[in-house]
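Here the protein sequences line up with chains A and B, keeping their order. Here the first sequence stands for residues 1 to 497, numbered as in the numbering used here. Here the second sequence stands for residues 1001 to 1118, numbered as in the numbering used here.
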Amino acid sequence: MSWYLTLPLVIPFVASIIAYLLRSSPLGAWVSIIGSGLGLIASIALMAVVLDAGVIAGQMGNWPAPFGITLVADLLSAVMVLITAITGFAVAIYALSDITERQAKLGYHALFQILLAGVTGAFLTGDLFNLYVWFEVMLIASFGLLILNGGKEQIDGGVKYVALNLISTILFLTGIGLLYGMTGTLNFADLALKVEEVENQGLLTVVAMMFMVAFGVKAAVFPLFFWLPAAYHTPSFAVSAVFAGLLTKVGVYALIRMFTMVFDHDIGFTHTVLLWVACFTMVIGVLGAAAQSDFRKILSFHIISQIGYMILGLALMTPLALVGAVFYLVHHIIVKANLFLIAGIAKRLTGGTEVYQIGGLYKSAPFLAILFLIPAFSLAGFPPLSGFWAKYIIVKATLDVEMWFVAFIALAVGLMTIYSMTKIWAEAFWKPHPDGIEPDLKTLPNKPAQIIPVAGLAILTIIIGLNPEPFVIFAERTTAQLLDPTAYITTVLGETP
Amino acid sequence: MEQLLSVLIGILVASAVYLMLARNLLRFLFGLILLSNAANLTIFVGGRLTPGAPPLVPDGMDAPIGDVANALPQALVLTAIVIGFGLFAFALILAFRAYQSLGTLNTDEMRVAEPKEN
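Given below as structure tokens:
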């Protein structure tokens, strides 16, 4: 059983070692692709097992929980691992065209695989301290990837990214110390049982807020998001795509995990805070995007605004709202990574990322225009694409609990998302290029490596959009597990043989 | 002893926050390392300071006999120190590179990635 859990972690680590040894040869990129491909197969296998069994757990080193390190996969973990593997595979292919020889020599492919391992580990672990360790694995790899180019911009963005993320890490660690002092355990399943026995429930709320701030920085919620738009537009496109798709979502995942399983003792307080945070995050993110004119900066602010929707789903804490949050999480990763990859193609065709300085893509590269429209419309929530269903479920959930104002905000933010997407469309695609360049998709170097991942992710968006039912049913099963963690707890602690 | 350490943690956090509010990146980093040490001490105190025998299991037994010290916080702190050290080393080099290529350690003047609107 535990091979299903360890393989998605072992594969990227092995791939990273091989890729590091082959960093000076063009084979390094292929090691990364094959590693990500095998990782994808392993995570599909994990998904199949979890779909069947509900929850599976493995004790590392055969130390029984809660003493040893536990790896657990419930449906939420499994789907996050799967979506990580899909994104990783797409970006690994894209890297063939995007990563220069110099970056590869500095160890891009090895760092990329370690990043995937860190993200996967964070999704699979069943232990709070282990989660901290996986966060660090992910962070140090992302630091390396961010400043790999070594230009002024990267260093400048890197300083802010590193500084704010390190503060969040230390807060997380302090929270772990305090929670351990109160409960005497760090295993999620054990924590879920022990927090009820804590005498001073007020103190527990204080620690919960510490975790909320720590994970809030990682998830880039208002008012803790400032590192994100400072850094995400500086690295290579492949790097920013995988960052945009995965890193903030690890924070969201950690919030969902902790605030459904462990910190559900004072929902009236913690989840009201989350509700306000979610509303501000949505609005500030979308307003920030409206003020930007750089392709990737617009998209960066949209990450923040979209995170707000996921947090909103968590804050409402109703079954339907959590279904929406899970659906949103999956849809968002695919769409967002795809948009950053398209920004890379647009840059290579037109020579810039500032939307006012580029143009003419619709006339000369209509295929790319279609590929852009799919994720862009999905992000804004046009039916019948995946974003429509995600937004629909969340808004329906807010209406069900009669929070009219929150529903209004969610809808208004969707409308303003269209405004930004229209800006990119009108400037980068529709208007003629200001320098008279007529970009041609045929001149694109290494074209298949760029088009295949983008088209593949776009097809996934369409599949989810046209056939949302199985995905919603899956999200409902996931939500049932989140709201009633009995199966999770018994599987981990092994009460039933 | 716990009270004494708690006060120490408080002093460390206060000095750390003071240092981190500075515009100078190097001061910020010094604050960060103080803060990470405060976090480590918090874990240590969180595990309760139990004077007792070393937590060793005698031959042929499953569990140690009598009151033994709690070994887990030390393991956690050790891990956190190692990770913190690695991250701090990286941050220090990054600050050095930032000074080399941007010519300043004043965070207010680091505006290359986000230029001011005119």
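Glycine residues also receive a C-beta, built at the ideal position from the N, C-alpha and C atoms. Model, not experiment: these values are computed from the prediction.
Cross-strand partners of residue i (DSSP beta bridge)
i	result
A/D127	A/N187
A/L71	A/G58, A/T125
A/E354	A/D294
B/N1024	B/N1106
B/P1053	Sequence check: residue 1053 of chain B is Ala here, not Pro. DSSP, once it has assigned bridges, lists B/V1068 as partnering B/A1053.
Sequence-distant residues of the same chain with beta carbon closer than 8 Å to residue i, five excluded per side
i	result
B/P1051	A1069
A/G359	T350, E427, A428, F429, W430, K431, P432, H433, P434
A/K194	T183, G184, T185
A/L466	P384
A/T549	A query on residue 549 of chain A cannot be resolved here, the shown segment of chain A reaching from 1 to 497 and no further.
A/M421	A376, F377, L379, A380
Nonlocal neighbours in the same chain, by C-beta distance under 7 Å from residue i, ignoring five residues either side
i	result
A/T496	Caution is warranted here: a pLDDT of 46 is assigned to A/T496, below 50, making its placement in the model unreliable, and no coordinate value can be reported.
A/R477	L75
B/L1076	I1043
A/V49	Y4, I56
A/F327	W389, A390, I393, F471, V472, A475
B/N1040	V1077, A1080, I1081
A/L7	A42
A/Y343	A small fix is needed here, since residue 343 of chain A is Ala in this sequence, not Tyr. Correct list, in chain order: F237, F295, R296, L299, T353.
A/F367	L441
A/I18	V31
B/L1102	M1110, V1112
Neighbourhood of residue i by C-beta, 6 Å cutoff - its chain only, sequence neighbours within 5 removed
i	result
A/L399	A407
A/D190	P66
A/D517	Here chain A has residues from 1 to 497 only, and residue 517 of chain A is not among them.
B/R1023	N1106, T1107, D1108
A/I114	S16, A141
Residue i beta carbon near the ligand PLP (any heavy atom closer than 7 Å)
i	result
B/I1065	By its list of ligands, the structure shown contains no ligand whatsoever, and the ligand PLP lies outside what it can speak to.
Q.
Using a Cβ distance threshold of 8 Å, determine whether the segment 430-438 of chain A contacts the segment 80-94 of chain A, with at least three qualifying pairs required.
A. Of all C-beta pairs linking the segment 430-438 of chain A to the segment 80-94 of chain A, fewer than three are shorter than 8 Å, placing the two stretches out of contact.
Q: Kindly confirm or deny that the segment 60-70 of chain A and the segment 88-102 of chain A touch, where touching means at least three C-beta pairs closer than 8 Å.
A: As far as the Cβ criterion goes, the segment 60-70 of chain A does not touch the segment 88-102 of chain A, which means the pair count is below three.
Q. Using a beta-carbon distance cut-off of less than 9 Å, what residues from the segment 218-244 of chain A approach chain B?
A. Answer set for the segment 218-244 of chain A: P229, A230, A231, H233, T234.
Q.
With three or more C-beta pairs closer than 8 Å as the rule, is the segment 205-219 of chain A touching the segment 68-75 of chain A?
A. Between the segment 68-75 of chain A and the segment 205-219 of chain A there are fewer than three inter-stretch CB-CB distances shorter than 8 Å, so the stretches are not counted as touching.
Q: Examine the Cβ distances between the segment 308-328 of chain A and the segment 246-256 of chain A and report whether three or more of them are shorter than 8 Å.
A: With contact defined as three or more Cβ pairs closer than 8 Å, the segment 308-328 of chain A and the segment 246-256 of chain A are in contact.
**Q.** Any 3 or more C-beta pairs closer than 8 Å across the segment 1015-1035 of chain B and the segment 482-490 of chain A
**A.** No, they do not touch.
**Q.** Residues in the segment 149-166 of chain A having any Cβ partner in chain B nearer than 7 Å
**A.** Residues passing the 7 Å Cβ filter: K152, E153, I155, D156, G157, G158, V159, V162, A163, L166.
Q: Quick one: which unbroken alpha helix (DSSP H) runs of 4-plus residues sit fully inside the segment 279-336 of chain A? Chain order, please.
A: Within the segment 279-336 of chain A, the complete alpha helix (DSSP H) runs of at least 4 residues are 295-316.
**Q.** Under 9 Å (Cβ pairs) to chain B, residues found in the segment 111-136 of chain A
**A.** Residues of the segment 111-136 of chain A with a Cβ closer than 9 Å to any Cβ of chain B, in chain order: F129, Y132, V133, E136.
Q: Check distances from the C-beta atoms of the segment 1056-1077 of chain B to those of chain A and list, in chain order, the residues that come in under 7 Å.
A: Of all residues in the segment 1056-1077 of chain B, L1076 have a Cβ within less than 7 Å of some Cβ in chain A.
(Q) For the structure I just gave you, are there three or more beta carbon pairs, one from the segment 27-36 of chain A and one from the segment 85-99 of chain A, closer than 8 Å? (A) Look at the beta carbons and you see the segment 27-36 of chain A touching the segment 85-99 of chain A: at least three pairs across the two are nearer than 8 Å.
Q: Determine contact between the segment 275-286 of chain A and the segment 376-383 of chain A, defined as no fewer than three beta-carbon pairs at a distance below 8 Å.
A: Three or more beta-carbon pairs separated by less than 8 Å are not found between the segment 275-286 of chain A and the segment 376-383 of chain A, which leaves the two stretches without contact.
Q: Examine the Cβ distances between the segment 415-424 of chain A and the segment 48-58 of chain A and report whether three or more of them are shorter than 8 Å.
A: Touching, no.
**Q.** Positions along the segment 1090-1115 of chain B whose CB lies within less than 9 Å of some CB in chain A
**A.** Taken in chain order, the members of the segment 1090-1115 of chain B whose beta-carbon sits within less than 9 Å of a beta-carbon on chain A are F1090, A1091, L1094, A1095, R1097, A1098, Q1100, S1101, L1102, T1107, M1110, R1111, V1112, A1113, E1114.
Q | Inside the segment 143-208 of chain A only - alpha helix (DSSP H) runs reaching at least 4 residues | A | Runs of the alpha helix (DSSP H) lying entirely within the segment 143-208 of chain A, each at least 4 residues long, are 152-183, 188-194 in chain order.
Q) Are the segment 1025-1044 of chain B and the segment 165-180 of chain A in contact at 8 Å, needing three or more beta carbon pairs? A) The answer is yes - the segment 165-180 of chain A touches the segment 1025-1044 of chain B, with three or more Cβ pairs under 8 Å.
Q.
So within the segment 216-248 of chain A, which uninterrupted alpha helix (DSSP H) runs reach at least 4 residues, ignoring any that extend past its ends?
A. Counting whole runs of 4 or more residues, the segment 216-248 of chain A contains the alpha helix (DSSP H) stretches 227-231, 237-242.
Q. Closer than 9 Å, Cβ to any Cβ of chain A: which residues of the segment 1022-1042 of chain B, in chain order?
A. Against chain A - using a Cβ distance shorter than 9 Å - the residues of the segment 1022-1042 of chain B are L1025, F1028, L1029, L1032, L1035, S1036, A1038, A1039, N1040, L1041, T1042.
Q.
Within 8 Å, do at least three Cβ pairs link the segment 149-156 of chain A to the segment 172-182 of chain A?
A. Below 8 Å, too few C-beta pairs join the segment 172-182 of chain A and the segment 149-156 of chain A to call them touching: fewer than three.
Q: Would you check if there are 3 or more beta carbon pairs closer than 8 Å linking the segment 237-253 of chain A to the segment 326-336 of chain A?
A: The segment 237-253 of chain A vs the segment 326-336 of chain A: in contact.
Q) If we count Cβ pairs, one from each stretch, closer than 8 Å, do we get three or more for the segment 442-461 of chain A versus the segment 286-301 of chain A? A) The answer is no - the segment 286-301 of chain A does not touch the segment 442-461 of chain A, with fewer than three Cβ pairs under 8 Å.
(Q) Across the segment 378-396 of chain A and the segment 320-328 of chain A, are there enough close Cβ pairs to call them in contact, namely three or more that are closer than 8 Å? (A) Judged by pairs of C-beta atoms under 8 Å, the segment 378-396 of chain A touches the segment 320-328 of chain A, as three or more such pairs exist.
Q: Pull out every residue of the segment 178-205 of chain A whose Cβ sits closer than 9 Å to any Cβ of chain B, in chain order.
A: Cβ contacts with chain B: L178, L179, Y180, G181, M182, G184, L186.
Q. Using a Cβ cut-off of 7 Å, which residues of the segment 58-80 of chain A contact any Cβ in chain B, in chain order?
A. Hits within the stretch: zero.
Q: Mind listing, in chain order, the continuous alpha helix (DSSP H) runs of no fewer than 4 residues lying wholly within the segment 381-437 of chain A?
A: Secondary structure in the segment 381-437 of chain A: the alpha helix (DSSP H) runs of 4 residues or longer, each lying completely within the stretch, are 386-400, 404-424 in chain order.
Q. When Cβ atoms are compared, which residues of the segment 358-388 of chain A fall closer than 9 Å to chain B?
A. Listed by position, the residues of the segment 358-388 of chain A near chain B (Cβ gap below 9 Å) amount to none.
Q.
Within 8 Å, do at least three Cβ pairs link the segment 221-240 of chain A to the segment 196-203 of chain A?
A. Of all C-beta pairs linking the segment 196-203 of chain A to the segment 221-240 of chain A, fewer than three are shorter than 8 Å, placing the two stretches out of contact.
Q.
So within the segment 426-493 of chain A, which uninterrupted alpha helix (DSSP H) runs reach at least 4 residues, ignoring any that extend past its ends?
A. Complete alpha helix (DSSP H) runs here, min 4: 447-466, 469-483, 486-493.
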